[in-house]
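There are 2 protein chains.
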Amino acid sequence: MRKENKTAFCGGIDVGGTKIAGALFTSQGRLTGRVRVPVDKGTAAQPVGQIAGIIRGLEELAAREGGEIRAIGVCVPGIVFEKTGKVWAPNIPGWDNYPLRGRLAALTKTPVILGSDRDAYVLGEQWRGAARGLRDVVFLAVGTGIGAGILSGGRLCRGSRDIAGAVGWFALDPRFKTEYAAMGCFEAEASGASIGRQAREFLRTGAPSSMKGLIRGRLENITAEAVIAAARSGDRLARFILDSAVGYLAMGVANIVSLMNPEMVVLGGGLFQAGDILIRPVKREFKRWAQPIAARQVKIRLSALGENAGLYGAARLAWDAVG
Amino acid sequence: MRKENKTAFCGGIDVGGTKIAGALFTSQGRLTGRVRVPVDKGTAAQPVGQIAGIIRGLEELAAREGGEIRAIGVCVPGIVFEKTGKVWAPNIPGWDNYPLRGRLAALTKTPVILGSDRDAYVLGEQWRGAARGLRDVVFLAVGTGIGAGILSGGRLCRGSRDIAGAVGWFALDPRFKTEYAAMGCFEAEASGASIGRQAREFLRTGAPSSMKGLIRGRLENITAEAVIAAARSGDRLARFILDSAVGYLAMGVANIVSLMNPEMVVLGGGLFQAGDILIRPVKREFKRWAQPIAARQVKIRLSALGENAGLYGAARLAWDAVG
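So the protein sequences, as listed, match chains A and R. Mapping the first sequence onto my numbering, position 7 (from 1) lands on 7, and the numbers just tick up by one. For any residue, its number in my numbering is found by taking its place in the second sequence, counting from 1, and adding 323.
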């Protein structure tokens with residue numbers, strides 16, 4: 001039985017492609033005891049052991065603070081199948097229809113609630129970030145890939161098989177290219193990975209650019225960050241590539257705005273860390289495409305929680321579950 | 324006080340751009356007493372009087388059947404502002420931020436629930452049509468314009484200002500054309516009105532086509548129906564125009580599927596009455612663009628209720644309101 005005089009906490013654990021972070025949260029969203037470890041990718045079970053270890057650490061911390069943990073939210077970089085508790089996370093070896101909820105239940109008595117990272121991001125921003133208190137919010141994450149978390153009328157839109165928000169697959173150009181088949185048109189044209197790839201393809205053909213100096217024998221040195229840096233210092237090829245990506249990002253934002261009529265679109269993920277060089281033109285150009293009333297009313301904001309959005313959102317999933 | 328031994332009905336009233344239809348519905352969705360009148364477009368108040376007249380007729384019919392009406396759902400071809408009860412319907416003179424709920428309340432004691440036609444279509448199909456019992460459904464209406472009604476997890480997505488589903492504004496081609504500014508890219512490329520307009524523009528330039536024989540002094544004779552008929556009999560220009568529209572329709576369906584992960588997309592509105600000449604290629608081509616798992620799982624179906632979808636959905640709005 002829960003003792004009512006103890007401080008109540010929920011835990012948030014954000015499993016990323018490279019790191020696992022965890023922290024305790026009060027019902028008001030105060031964060032304490034943040035920890036972070038690199039993902040151990042030997043077997044499918046190793047990250048589960050790491051999560052269980054973080055849970056034990058959070059339980060001890062809660063006890064030291066005279067409290068207890070009521071539930072733990074865990075978000076994963078992929079899909080959570082709600083009914084089965086299985087997950088699909090392409091960046092974690094063996095997490096392909098992997099029974100994460102069952103495995104964790106065997107290792108801890110604390111109730112565990114699973115969610116996708118996209119759902120966690122939008123919930124985190126709504127709870128303690130840029131979209132505090134809003135009911136219609138979309139979080140657009142643009143990094144290596146592109147995805148979205150959607151709140152409509154205060155509720156998550158998960159879709160019929162928990163894969164809503166796959167906006168990387170937005171069709172934005174009728175001139176189909178072969179690379180669209182693997183990742184979707186929007187992601188092929190505007191993700192961080194694609195911006196780097198586009199620059200490498202141009203440089204391979206001998207296109208003139210200051211970026212050539214960065215290669216130093218490894219074409220892989222040409223990343224989205226390198227393209228953005230070159231664009232800032234006036235490189236024409238880099239600007240051309242970014243302009244194209246901005247055009248597609250504006251179209252993607254517009255399509256979200258026209259379909260969902262959100263109060264706010266929160267921009268997150270690695271690419272938007274570049275700041276105004278991307279965000280300002282996207283905010284200007286999406287209005288050309290979107291339903292005009294919805295476009296006037298929506299706010300476009302950079303994520304306020306940054307790399308902690310998933311942590312906050314995972315904890316919010318747990319708090320929502322315990323009521 | 325309501326007498327429990329009376330048969331309970333709700334009314335459904337579908338206000339269209341040209342006709343107003345009404346009927347009684349039992350809680351099981353059995354329709355009786357369908358009536359239909361042309362919209363009287365003299366003043367903003369005239370259609371309100373017509374709606375009130377239909378409500379009186381339905382009340383009398385319910386009484387004759389030994390029952391009573393618990394609520395009336397009214398759907399309108401435009402936007403319903405939930406908080407104020409005002410409506411915006413461009414095809415009805417004076418219905419621009421028009422206080423429809425207030426006006427109707429002055430004319431009938433029966434509770435009236437307002438909704439948009441798009442919301443009614445998807446609710447109707449979910450209740451008694453193609454999407455019976457499903458929880459994640461999008462109704463894509465393609466006629467003169469293009470719009471969508473969205474159910475996610477069994478609930479309507481209305482958006483922050485009740486204008487969600489404005490998919491006619493989907494950005495589907497980065498090569499912006501001036502006509503996109505007035506109606507959106509998707510609607511300019513693929514609505515029934517746009518298919519007719521595109522054909523007229525080609526014919527004006529002297530393009531060879533069997534459609535020339537249809538003009539008979541009035542270029543307006545070239546409608547989407549005329550283009551579809553010409554395409555069926557092998558006209559090359561008509562086929563070219565339809566192929567282009569199909570390409571955009573497939574992209575629009577794909578974007579809905581990738582974002583919302585619905586169990587079903589219901590195709591409705593006048594254009595899809597053309598049948599397989601449009602529906603079959605859309606069902607084939609959207610898979611090239613959409614998130615592959617969502618694309619495999621979704622069903623694409625023609626509206627089962629046709630012109631009655633709005634009536635059923637309006638009644639469903641009423642039944643949902645009375646619990």
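For every residue, glycine included, the Cβ atom is placed at its ideal position computed from N, Cα and C.
message: When you compare the CB of G472(R) with every CB in chain A, is at least one pair closer than 8 Å?
response: Contact of G472(R) with chain A is not assigned, every C-beta pair being separated by 8 Å or more.
message: Check for me: the alpha helix (DSSP H) holding W582(R) runs from which residue to which?
response: Residue identity check: residue 582(R) is Leu in the sequence provided, not Trp. R559 to M583 is the extent of the alpha helix (DSSP H) around L582(R).
field: Counted within 10 angstroms of its Cβ, other Cβ atoms place T501(R) as buried (16 or more) or exposed
entry: Counting Cβ neighbours within 10 Å, T501(R) comes out exposed, since fewer than 16 surround it.
field: N-terminal and C-terminal residue of the beta strand (DSSP E) that R624(R) is part of
entry: Per DSSP, R624(R) belongs to the beta strand (DSSP E) from K622 to L625.
message: Let me make sure I understand the geometry here. Which of A120(A), L31(A), P99(A) and S258(A) has the alpha-carbon closest to that of D14(A)?
response: Answer by Cα proximity: A120(A).
Simplified DSSP assignment, three categories, for I378(R): I378(R) falls in the helix class under three-state DSSP.
message: Here's a check: name, in chain order, each residue in its chain whose Cβ is nearer than 8 Å to the Cβ of L384(R), leaving out the five neighbours to either side.
response: Leaving aside the five residues that flank L384(R) on each side, the residues in its chain whose CB is nearer than 8 Å to its CB run, in chain order, L347, T355 and G356.
task: State the start and end residues of the unbroken beta strand (DSSP E) segment that holds F404(R).
output: Counting along the chain, the beta strand (DSSP E) containing F404(R) begins and ends at I402 to F404.
message: At 3 residues or longer, what runs of the beta strand (DSSP E) sit wholly inside the stretch 118-168 of chain A?
response: Runs found: 137-142 and 146-152.
- prompt: Would you say P497(R) reaches chain A, if we count a Cβ-Cβ gap shorter than 8 Å as a contact?
  reply: Under the Cβ criterion of 8 Å, P497(R) is counted among the residues facing chain A.
- request: Taking only beta carbons into account, state which residues of the stretch 626-643 of chain R come closer than 9 Å to chain A, listed in chain order.
  value: Cβ contacts with chain A: none found.
- request: With DSSP collapsed to three states, give me the class of L384(R).
  value: In the structure shown, L384(R) adopts helical secondary structure according to DSSP, grouped into three states.
task: Thinking I436(R) and A394(R) are a contact (beta carbons under 8 Å), I'd like their distance in whole angstroms, please.
output: I436(R) to A394(R), Cβ: 6 Å. Contact.
query: In this structure, does DSSP put M211(A) in helix, strand or coil?
result: In the structure shown, M211(A) adopts coil according to DSSP, grouped into three states.
message: Would you say Y248(A) lies against chain B (beta-carbon separation less than 8 Å)?
response: As a matter of chain content, chain B is missing from the structure shown, whose protein chains are A and R.
Proximal residues to D558(R) (C-beta, below 8 Å), its chain only, five neighbours per side dropped: If the five residues before and after D558(R) are omitted, its C-beta is found closer than 8 Å to the C-beta atoms of S532, S533 and M534, all from its own chain and listed in chain order.
- request: Compare the C-beta of K265(A) against all C-beta atoms of chain R and say whether one is closer than 8 Å.
  value: Here the sequence assigns Val to residue 265(A), which means Lys is not the residue at that position. No - not a single Cβ of chain R is within 8 Å of the one on V265(A).
- prompt: Going by other Cβ atoms of all chains shown within 10 Å of its Cβ, with 16 needed for buried, is P47(A) buried or exposed?
  reply: Burial call: buried.
- prompt: Under 8 Å, do G519(R) and V550(R) count as touching if we go by C-beta distance?
  reply: One thing to note: G519(R) has its Cβ within 8 Å of the Cβ of V550(R).
- request: My understanding is that N578(R) touches F170(A), with C-beta atoms under 8 Å, so please give their C-beta distance in whole angstroms.
  value: At roughly 5 Å, the Cβ-Cβ gap stays under 8 Å, so N578(R) and F170(A) are in contact.
field: Identity of the residue in A52(A), A315(A), E68(A) and S303(A) nearest A148(A) by Cα
entry: Nearest C-alpha to A148(A) among A52(A), A315(A), E68(A) and S303(A): S303(A).
message: Applying the 10 Å Cβ sphere with the 16-neighbour rule, what's the burial state of E285(A)?
response: Its Cβ being crowded by 16 or more others within 10 Å, E285(A) is buried.
- request: Return the Cβ separation of P361(R) and M251(A) in integer angstroms, given the expectation that the two are a contact with Cβ distance under 8 Å.
  value: In fact, because the Cβ distance is near 40 Å, the residues do not count as touching under 8 Å.
- prompt: Span of the beta strand (DSSP E) holding F25(A)?
  reply: Segment K19 to F25, the beta strand (DSSP E) holding F25(A).
- request: Answer yes or no: do A309(A) and G129(A) have a C-beta to C-beta separation smaller than 8 Å?
  value: Yes, the Cβ-Cβ distance between A309(A) and G129(A) is below 8 Å.
message: On a Cα-Cα basis, can you pick out the residue from A141(A), G17(A), G22(A) and G165(A) that is closest to R301(A)?
response: Closest by alpha carbon: A141(A).
message: So C157(A) contacts chain R; which residues on that side make the cut at Cβ distance below 8 Å?
response: In chain order: S475, G476, C480 and M583.
- request: Using 10 angstroms around the beta-carbon of S483(R), count the other beta-carbons present and answer buried if the total reaches 16, otherwise exposed.
  value: Buried is the call here.
- prompt: Residues in the stretch 273-304 of chain A with C-beta within 9 Å of chain R's C-beta atoms, listed in sequence order?
  reply: Here the close residues are F286, R288, W289, A290, Q291, P292, I293, A294, A295, Q297 and V298.
C-alpha distance - I241(A) paired with S191(A), whole-angstrom precision: Their Cα atoms are separated by approximately 12 Å.
message: Quick check: the Cα distance between G268(A) and A618(R), rounded to an integer number of angstroms?
response: G268(A) and A618(R) have their C-alpha atoms some 26 Å from each other.
query: Nearest to A8(A) by alpha carbon, out of V167(A), R30(A) and A290(A)?
result: Among V167(A), R30(A) and A290(A), the Cα nearest to that of A8(A) belongs to R30(A).
Beta-carbon separation (whole angstroms), R455(R) vs Q449(R), contact threshold 8 Å: Cβ atoms of R455(R) and Q449(R) come within 8 Å of each other, at about 7 Å.
task: For the stretch 158-169 of chain A, enumerate the residues whose C-beta is nearer than 9 Å to any C-beta of chain R, in chain order.
output: Going along the stretch 158-169 of chain A in chain order, one finds R158, G159, S160, R161, D162, I163, A164, G165, A166, V167, G168 and W169 with a Cβ nearer than 9 Å to chain R.
message: If the cut-off is 8 Å on Cβ atoms, which residues from the stretch 174-206 of chain A count as contacting chain R, listed in chain order?
response: Cβ contacts with chain R come from P174, F176, Y180, A181, G184 and C185.
- prompt: Which partner residues of C398(R) appear in the DSSP bridge assignment?
  reply: By DSSP's assignment, C398(R) forms a beta bridge with D337(R) and G438(R).
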